[in-house]
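Following: one structure in structure tokens, then a few remarks.
2 protein chains.
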Amino acid sequence: MAEKTRTPKSARTRAALLEAARELFAERGYVKVTVRDIAAKAGIDPAMVIRYFGSKDGIFADAAEFNLELPDLRGVARNSIGEALTRHFLSIWDSPDAGLPVLLRSASTNELANARMREIFNKQIRTALEAIAGPDEAEQRAGLVSSQLLGLAVCRYVLKLPPVVRMSKEQLVKTIGKTLQQYITGRLPR
Amino acid sequence: MAEKTRTPKSARTRAALLEAARELFAERGYVKVTVRDIAAKAGIDPAMVIRYFGSKDGIFADAAEFNLELPDLRGVARNSIGEALTRHFLSIWDSPDAGLPVLLRSASTNELANARMREIFNKQIRTALEAIAGPDEAEQRAGLVSSQLLGLAVCRYVLKLPPVVRMSKEQLVKTIGKTLQQYITGRLPR
DNA sequence: CTCGTTTATCAACGTCCGTTGACTTCTAAT
DNA sequence: ATTAGAAGTCAACGGACGTTGATAAACGAG
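What follows is the structure, given as structure tokens:
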């Protein structure tokens, strides 16, 4: 026990609040979670949420922050990019404190969540695809890829459609991956 | 001017409230619309909402009611089922008083919306697919179809991703239709 | 121990919302 | 014209929520 806790007490309660917030936001979405809920789950006074994060929007912004570490697609064999992307997102969505699940639940009611979601699925994926497709085509391909990835997320994590929940990760990687592959390297309609 | 208005006055205000409710719920979602908003938009007293629909949940239930008239897929050439389905849903989503847009916006925060959505995309689509696929396979295929259709809807109507919004209906029918076709008649992974 | 600073507690304010009930106005049949 | 019932108006209640400020407790440096 060389060192116990060098962190100031405040940092620990701040972290506890943030963790509670992430879990609640991820499972109920922005509007159905109250500041009092977060504080109660963390065993802390609701006023602390305001003290440390300024407002409910403030703690949501922090809870929804994260780095979408998109793999560098140039390091992946051209014909397995679709599967790689699918596997990557399924992994992210299964980790409950990743921020992306938080956004997913709140994108339809919270402006910030909506904006960040659009940023990810319009800019980040597009940038990643530009490494292997023409810049003009990249955006449209990114849109198609987004539609399938987001639909998978909605069905599996929000709506919890039985057949989509039941399918294994590898089944999904194969099936959805094949679709993404088509969207990324296949022909586009005029 | 043979007949002016045979409908009782009550039916007209009821209809006005319902129309206002549908528009508001479709564009903001359940939680961001208040009973007072609906009444104001219809130029009617908020108390009338309770009088005619019982509660906010009551008017939402009515606003979100609709018949998903799935086309009989047996009447469609086997290799153009995917395109037919895509075209059908795009048409439904573009009509603002269809109920389905209402559900789409509220599925993440309202229990009833969530349940109806699951009903449509798990039961109705599955039933339609059973006409052309084995009953055991039909459910899984319906899940995959749902994931792509819902993702398209989220990107185009909720998130409004530029490339997905920009694509024409026929472009989408071709591209997304091809994916659905694969999910309906293609091979499934083990 | 003392004292200034950080951290936490508590009660309350102001607002917004769904819902209610008392009351007025309108309508139509006798 | 009278009157019963339907339709609409209005103010208010009760509760939940985000947020605040005053106050107390815990802590660390001197």
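Those protein sequences? They're chains A and B, same order as listed. Here the first sequence stands for residues 1 to 190, numbered as in our numbering. Here the second sequence stands for residues 1001 to 1190, numbered as in our numbering. A virtual CB, placed ideally from N, CA and C, is assigned to each residue, including glycine.
Item, Value
"Residue-chain proximity (residue 1189/B, chain A), Cβ-Cβ < 8 Å", "yes"
"Residue 1142/B: contacting residues in chain A (beta-carbon distance under 7 Å)", "163"
"Pair within 8 Å by beta-carbon distance, residue 1148/B and residue 1079/B", "no"
"Beta-carbon neighbours of residue 1107/B, restricted to chain A and to distances below 9 Å", "108, 154, 158, 159"
"Same chain, Cβ closer than 7 Å to residue 1008/B, neighbours up to 5 away in sequence not counted", "none"
"Alpha-carbon spacing of residue 25/A relative to residue 156/A, whole angstroms", "17 Å"
"Contact with chain A by residue 1067/B, beta-carbon distance below 8 Å", "no"
"Contact residues within the segment 103–133 of chain A, judged by C-beta distance below 9 Å to chain B", "104, 105, 106, 107, 108, 109, 114, 117, 118, 121, 122, 126"
"C-beta contact flag for residue 152/A and residue 1117/B at 8 Å", "no"
"Inside the segment 1135–1181 of chain B only - alpha helix (DSSP H) runs reaching at least 4 residues", "1135–1153, 1162–1166"
"is_contact[residue 1137/B, chain A] using C-beta, thresh 8 Å", "no"
"is_contact[residue 56/A, chain B] using C-beta, thresh 8 Å", "no"
"Span separating the alpha-carbon of residue 115/A from that of residue 1075/B", "42 Å"
"CB contact check: residue 1149/B to chain A, cutoff 8 Å", "yes"
"Chain-ordered neighbours of residue 1175/B on chain A, where CB pairs are closer than 8 Å", "144, 183, 188, 189"
"Buried versus exposed, by CB contacts within 10 Å (16 or more), residue 1193/B", "A question about residue 1193/B goes unanswered here, because the residues of chain B that appear run from 1001 up to 1190."
"Unbroken stretches of the alpha helix (DSSP H), 4 residues or longer, contained in the segment 3–62 of chain A", "9–28, 35–42, 46–53"
"Distance, residue 126/A Cα to residue 141/A Cα", "8 Å"
"Three-state secondary structure (DSSP) of residue 1183/B", "helix"
"C-beta neighbour in chain A for residue 1034/B, strict 8 Å", "no"
"Where the alpha helix (DSSP H) containing residue 94/A begins and where it ends", "81–94"
"Residue 108/A (DSSP reduced to helix, strand or coil)", "coil"
"Assigned secondary structure, residue 67/A (DSSP; H/G/I helix, E/B strand, else coil)", "coil"
"Separation of residue 1099/B from residue 1190/B, as counted between CA atoms", "36 Å"
"Any chain A beta carbon closer than 8 Å to residue 1086/B", "no"
"Supposed contact pair residue 1172/B and residue 1120/B - C-beta distance, whole angstroms, cut 8 Å", "At roughly 20 Å, the Cβ-Cβ gap does not stay under 8 Å, so residue 1120/B and residue 1172/B are not in contact."
"Under 8 Å from the C-beta of residue 29/A: neighbouring residues of chain B", "1108, 1109"
"Nearest-angstrom beta carbon gap, residue 62/A and residue 53/A [assumed within contact, 8 Å]", "6 Å"
"Contacts of residue 167/A in chain B (Cβ-Cβ under 9 Å)", "1140, 1143, 1144, 1189"
"Beta-carbon proximity of residue 1109/B to residue 29/A, cut-off 8 Å", "yes"
"Residue environment, residue 131/A, which counts as buried when at least 16 other CB atoms sit within 10 Å", "exposed"
"is_contact[residue 204/A, chain B] using C-beta, thresh 8 Å", "In this structure chain A extends from 1 to 190, so residue 204/A is not present and cannot be described."
"CB contact below 8 Å: residue 1179/B versus chain A", "yes"
"Residue 65/A, buried or exposed, once every other Cβ within 10 Å from all chains shown has been counted against 16", "exposed"
"Three-state secondary structure (DSSP) of residue 188/A", "coil"
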